[in-house]
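In what follows, a single structure is set out as structure tokens and then discussed.
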Amino acid sequence: MSEAFYSHARLYDLMFPGGGPAVDFYRAAADRQGGRVLELACGTGNKLIPIAADGHPCVGLDFSSDMLAEAQRKANERGVAVEWIRGDMRAFDLGRTFDFVFIAANSLLHLHEAEDLVSCFRSVRRHLAPGARFVFDVFNPSVRLLAEADGVRRARESFMDPDLGNVSVDVAEIYDAAAQVTRGTWYLSTDSEPDFVVAPLEIRSIFPQELPLLVSLGGLRLIERFGDWSGRPFAMDTPLQLCICESV
Numbered sequence: 016m017s018e019a020f021y022s023h024a025r026l027y028d029l030m031f032p033g034g035g036p037a038v039d040f041y042r043a044a045a046d047r048q049g050g051r052v053l054e055l056a057c058g059t060g061n062k063l064i065p066i067a068a069d070g071h072p073c074v075g076l077d078f079s080s081d082m083l084a085e086a087q088r089k090a091n092e093r094g095v096a097v098e099w100i101r102g103d104m105r106a107f108d109l110g111r112t113f114d115f116v117f118i119a120a121n122s123l124l125h126l127h128e129a130e131d132l133v134s135c136f137r138s139v140r141r142h143l144a145p146g147a148r149f150v151f152d153v154f155n156p157s158v159r160l161l162a163e164a165d166g167v168r169r170a171r172e173s174f175m176d177p178d179l180g181n182v183s184v185d186v187a188e189i190y191d192a193a194a195q196v197t198r199g200t201w202y203l204s205t206d207s208e209p210d211f212v213v214a215p216l217e218i219r220s221i222f223p224q225e226l227p228l229l230v231s232l233g234g235l236r237l238i239e240r241f242g243d244w245s246g247r248p249f250a251m252d253t254p255l256q257l258c259i260c261e262s263v
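Per the numbering used here: the sequence shown = residues 16 to 263.
Encoded structure:
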């Protein structure tokens with residue numbers, strides 16, 4: 016589950032700041048659906064805290080206690096009430112149902128085995144109220160980009176930390192085709208402290224043809240699939256698989 020990568024919650028937020036079209040999409044979807052909201056793999060709450068601020072009763076579940084602690088700090092700072100729960104999205108029982116459940120930002124891809132994905136979907140199904148929707152987004156795999164994951168360390172965009180100054184980010188990745196998993200190592204450095212964070216991050220690819228089957232094995236039905244945050248229909252050249260599901 017790439018736990019070490021998420022043990023640096025404050026740095027994670029600086030690398031991947033919240034906001035943008037993904038937050039707008041999930042806020043609008045929660046408003047349309049109404050009722051109680053559950054986010055799985057909620058991280059530091061970049062999407063759930065704005066939804067809670069809109070007045071929805073919200074629960075966030077994540078495997079990382081570090082990410083949840085940062086989420087709680089941010090919610091407190093904003094004066095927003097969210098129930099944060101440490102748990103495993105592969106199998107959970109919260110003893111209640113929700114009107115809107117979502118998994119954002121490729122977080123579903125931390126589950127590498129088909130059995131784990133199906134178990135997650137079955138857990139979601141048990142938590143869906145009548146008429147509820149389950150929404151998730153995962154990238155649309157590019158065979159060309161996967162083939163370019165050759166293990167060479169390459170620079171990504173740097174970011175500014177108020178305490179550390181400029182932080183550079185390098186990533187080295189290889190693609191394990193048999194497992195459909197990209198196995199990466201992320202390196203964070205400052206001028207005074209090279210590689211002060213070295214963390215693995217392993218992400219599965221879910222190809223478009225297999226995705227509806229995995230969803231259906233979990234007792235869900237894929238009712239819509241968009242290709243980007245504007246609602247463009249999914250196509251082979253679109254960057255996202257933005258999936259809207261319901262119980263069978």
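The beta-carbon is built from N, C-alpha and C at its ideal position, and this holds for glycine as well.
Where residue i falls: helix, strand or coil (DSSP)
| i | result |
| --- | --- |
| residue 48 | helix |
| residue 55 | strand |
| residue 224 | coil |
| residue 210 | coil |
| residue 239 | strand |
| residue 38 | helix |
| residue 13 | A question about residue 13 goes unanswered here, because the residues of the chain that appear run from 16 up to 263. |
| residue 245 | coil |
| residue 263 | coil |
| residue 282 | In this structure the chain extends from 16 to 263, so residue 282 is not present and cannot be described. |
| residue 145 | strand |
| residue 107 | coil |
| residue 95 | coil |
| residue 114 | strand |
| residue 194 | coil |
| residue 251 | coil |
Cα-Cα separation between residue i and residue j, rounded to whole angstroms
| i | j | result |
| --- | --- | --- |
| residue 225 | residue 248 | 18 Å |
| residue 165 | residue 144 | 45 Å |
| residue 201 | residue 27 | 12 Å |
| residue 140 | residue 25 | 32 Å |
| residue 197 | residue 88 | 32 Å |
| residue 155 | residue 228 | 16 Å |
| residue 55 | residue 195 | 22 Å |
| residue 133 | residue 29 | 32 Å |
| residue 159 | residue 239 | 26 Å |
| residue 260 | residue 163 | 32 Å |
| residue 146 | residue 236 | 12 Å |
| residue 242 | residue 230 | 17 Å |
| residue 208 | residue 214 | 15 Å |
| residue 47 | residue 216 | 34 Å |
| residue 258 | residue 125 | 17 Å |
Sub-8 Å separation of residue i and residue j beta-carbons
| i | j | result |
| --- | --- | --- |
| residue 115 | residue 50 | yes |
| residue 218 | residue 121 | yes |
| residue 101 | residue 83 | yes |
| residue 173 | residue 186 | no |
| residue 44 | residue 150 | yes |
| residue 81 | residue 105 | no |
| residue 190 | residue 119 | no |
| residue 176 | residue 182 | yes |
| residue 234 | residue 136 | yes |
| residue 59 | residue 98 | no |
Inter-residue CB distance, residue i and residue j (contact presumed, cutoff 8 Å)
| i | j | result |
| --- | --- | --- |
| residue 265 | residue 221 | This structure gives no information on residue 265, because the portion of the chain shown stretches from 16 to 263. |
| residue 57 | residue 70 | Not confirmed; about 18 Å, so no contact. |
| residue 129 | residue 93 | Contact doesn't hold; Cβ gap of about 38 Å is too wide. |
| residue 142 | residue 109 | 6 Å |
| residue 113 | residue 53 | 4 Å |
| residue 107 | residue 157 | With 8 Å as the limit, residue 107 and residue 157 do not qualify as a contact, their Cβ atoms being about 32 Å apart. |
| residue 38 | residue 65 | 6 Å |
Identified DSSP bridge partners for residue i
| i | result |
| --- | --- |
| residue 204 | 183 |
| residue 170 | 185 |
| residue 199 | 188 and 216 |
| residue 77 | 101 |
| residue 175 | 181 |
| residue 152 | 257 |
| residue 165 | 189 |
Cβ-heavy atom distance, residue i to the ligand NAD, below 7 Å
| i | result |
| --- | --- |
| residue 85 | This structure lacks the ligand NAD; in fact it carries no ligand of any kind. |
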